[in-house]
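Enquirer: Position one of the sequence shown corresponds to residue 0 (numbering that gives the first Met the number 0), numbered consecutively onward. Just dropping this structure here.
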Amino acid sequence: MARIFEIDGSITRQYRRFNTIGTQITFLLLPPSNNVDPVKHFLASVNDLFEHVLQNVSDSDMVGTTIHNQVNQSDKRIGISFRRKDQIYGDVIWSVFESVSQSNSRFNALDTLVLNVHSVKMPVVFGGIKTMGRPVSVLAHLKKKYHTS
Numbered sequence: 000m001a002r003i004f005e006i007d008g009s010i011t012r013q014y015r016r017f018n019t020i021g022t023q024i025t026f027l028l029l030p031p032s033n034n035v036d037p038v039k040h041f042l043a044s045v046n047d048l049f050e051h052v053l054q055n056v057s058d059s060d061m062v063g064t065t066i067h068n069q070v071n072q073s074d075k076r077i078g079i080s081f082r083r084k085d086q087i088y089g090d091v092i093w094s095v096f097e098s099v100s101q102s103n104s105r106f107n108a109l110d111t112l113v114l115n116v117h118s119v120k121m122p123v124v125f126g127g128i129k130t131m132g133r134p135v136s137v138l139a140h141l142k143k144k145y146h147t148s
C-alpha cells in the first residue's frame, strides 16, 4: 500500500540518562482523492504516519507527541499526553485534533506539519513492567490499604 503522507525530514535524538528517544519528523499529508471522505482520509493518514513512526517502539513503552504547523509557530501545538503505545489509536488522535484545532487560527491538515515523538522505554522484567523494586502485588496491596482507610 502506498503511503498517504510524505516525509520531508527526520531527526532522532537519544537521551540515555532518561532512557528516552526523541524523533522530530516534518511531513505533509497528501490530499484525498475525489470520492473519499476527508475525515476518514485524515484519520487513515495520521494512523499510517503513527504506525511508521512507532514501528520500533514496544507496546509497553510510553509515547508522547506534539504536532504543530511548520509555518505558523504561534498556534497551539496539538499534544497527546504520554500513554502506552498500544493506547494510541485513531479515536484518541481524532478527539485531540478536533478539540485543539478549533482554537487555532490557521491549522490546516494539508500544511507542512512537524511531529515530535518522545518514547520512554519502560524496563520489563519477568513479563511485567518494573515498579521501583516492589512487585505489582505488593503495590496493589499498599494502594488498597491506604485508599480504604
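Note that beta-carbon positions come from the ideal geometry of N, C-alpha and C, so glycine has one too. Predicted model, so just to flag it, every value in this text is computed and none were measured.
Are the beta-carbon atoms belonging to T3 and D47 less than 7 Å from one another?
Expert: Residue 3 sits at position 4 when you count from the first residue of the sequence shown. Residue 47 sits at position 48 when you count from the first residue of the sequence shown. Thr is not the amino acid found at residue 3; the sequence shown has Ile there. Result yes, Cβ atoms of I3 and D47 sit closer than 7 Å.
Enquirer: Would you mind sorting V35 into buried or exposed? The rule is 16 or more other CB atoms within 10 Å of its CB.
Expert: Here residue 35 is taken as the residue at index 36 of the sequence shown, counted from 1. Under this definition V35 is an exposed residue.
Enquirer: Where do the N-terminal and C-terminal ends of the beta strand (DSSP E) with S44 fall, by residue?
Expert: Locating residue 44 in the sequence shown gives position 45, counting from the first residue. Here S44 belongs to no beta strand (DSSP E); instead the alpha helix (DSSP H) covers P37 to V52.
Enquirer: Which of the three DSSP states is assigned to I3 in this structure?
Expert: If you number the sequence shown from 1, residue 3 lands on position 4. DSSP places I3 in coil when its eight states are reduced to three.
Enquirer: In whole angstroms, what separates the C-alpha of V95 from that of P37?
Expert: Numbered from 1 along the sequence shown, position 96 holds the residue referred to as residue 95. Numbered from 1 along the sequence shown, position 38 holds the residue referred to as residue 37. Distance between the alpha carbons of V95 and P37: 17 Å.
Enquirer: Go through its chain and collect everything with a Cβ distance to R76's Cβ below 6 Å, but skip five positions before and after it.
Expert: Sequence index remark: in the sequence shown, residue 76 carries index 77 (1-based). If we look at R76 and ignore the five residues flanking it on each side, its Cβ neighbours are T65 and H67.
Enquirer: Out of P31, G21 and I6, which has the shortest C-alpha to C-alpha gap to Q13?
Expert: Here the question's residue 13 lines up with position 14 in the sequence shown. Here the closest residue by C-alpha is G21.
Enquirer: In whole angstroms, what is the alpha-carbon distance linking T147 and D90?
Expert: The count along the sequence shown starts at 1 and reaches residue 147 at position 148. The count along the sequence shown starts at 1 and reaches residue 90 at position 91. Note on T147: pLDDT 49, under 50, position unreliable in the model; the coordinate value appears next. Approximately 35 Å, taken between the alpha carbons.
Enquirer: From what residue to what residue does the beta strand (DSSP E) around V113 run?
Expert: As a first step, residue 113 is located in the sequence shown; it is residue number 114 there, counting from the start. T111 to V119 is the extent of the beta strand (DSSP E) around V113.
Enquirer: DSSP three-state label for V91, please.
Expert: If you number the sequence shown from 1, residue 91 lands on position 92. Residue state, collapsed to three classes: helix.
Enquirer: Figure out for me which residue from I10, K120 and V113 has the closest Cα to the Cα of R82.
Expert: The sequence position of residue 82 within the sequence shown is 83, counting from 1. For the residues I10, K120 and V113, the minimum Cα distance to R82 belongs to K120.
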